[in-house]
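K.L.:
Residue numbers (this note's numbering): 1244 to 1417. Cβ atoms here follow ideal geometry from the backbone N, Cα and C, with glycine treated the same way.
1) Does residue 1355 come within less than 8 Å of chain B when only Cβ atoms are used?
2) Considering only their Cβ atoms, is the gap separating residue 1301 from residue 1355 smaller than 8 Å?
3) Kindly identify the DSSP beta-bridge partner or partners of residue 1311.
4) Using the Cα positions of residue 1314 and residue 1284, report the straight-line distance between them to the nearest angstrom.
5) If we ignore side chains and look at the alpha-carbon of each, how far apart do residue 1324 and residue 1311 end up?
6) Would you kindly report the start and end of the unbroken beta strand (DSSP E) that includes residue 1371?
7) Does the beta-carbon of residue 1244 have 16 or more other beta-carbons within 10 angstroms, so that it is buried, or is it exposed?
8) Please state whether the Cβ-Cβ distance between residue 1316 and residue 1411 is less than 8 Å.
9) Can you give me the start and stop residues for the beta strand (DSSP E) that residue 1399 sits inside?
10) Using DSSP's beta-bridge definition, name the partner residues of residue 1407.
11) Please classify residue 1327: is it buried, with 16 or more other beta-carbons within 10 angstroms of its beta-carbon, or exposed?
12) Using only alpha-carbon positions, find the residue among 1277, 1389 and 1374 that is nearest to residue 1269.
13) In chain order, what residues of the same chain have a beta carbon less than 8 Å from the beta carbon of residue 1306, not counting five sequence neighbours either side?
14) If you draw a straight line from the C-alpha of residue 1378 to the C-alpha of residue 1288, how long is it?
15) Contact between the segment 1273-1280 and the segment 1378-1387: three or more CB pairs below 8 Å?
16) Can you check whether the CB of residue 1341 is closer than 8 Å to the CB of residue 1366?
17) Whose CA, out of 1358, 1369 and 1346, lies closest to the CA of residue 1321?
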């Protein structure tokens, strides 16, 4: 085997290392540019869940999970559809040292223990998604989130850029 190769049909190690370095760098940029905003959004989600619990007295946060997440094309809102019941097994994900330690710190401060797992998975996914927007050249420092609103079992949060609703097409998505 020649130097710099991991195995016969594998990428050269320098390409793998560069890819990993890029992932870590992009995650750091998201946390630098959006960390406070994402934490504020998470706190607002927790408050919205308290409102949801008050309206549905038999439901506890232990029973709630984010079943479906999407960015609505027409309104620029993040839509989180809730589901009740046992959580599925933890997804098999690589450990992201930068993101996972930040997420653990934030959810530890802002989230009730019975809702930590769901919020940690959600926050981690959002960091990774916004890292992709950053890679596409979008200025992440312009992004803010409105307070959540409810439509049945769906939580809606408007994403804004420079104070205007941000549609997926504005960020180069869709």
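P.N.:
So, from the data block:
1) The structure shown contains no chain B; it holds only a single protein chain.
2) no
3) 1324
4) 15 Å
5) Each residue's Cα considered, the two are about 5 Å apart.
6) Segment 1359-1378 is the alpha helix (DSSP H) holding residue 1371; no beta strand (DSSP E) there.
7) Only weak support is given to the placement of residue 1244: the predicted model assigns it a pLDDT of 45, under 50, and the value that follows is read from those uncertain coordinates. Classification of residue 1244: exposed, given that the 10 Å Cβ count is below 16.
8) Inclusion of residue 1316 and residue 1411 in the CB contact set at 8 Å is warranted, their separation being smaller than that value.
9) 1397-1404
10) 1404
11) exposed
12) 1374
13) 1327 and 1328
14) The alpha-carbon of residue 1378 is positioned some 26 Å away from that of residue 1288.
15) Counting Cβ pairs under 8 Å, three or more are found: they touch.
16) no
17) 1369
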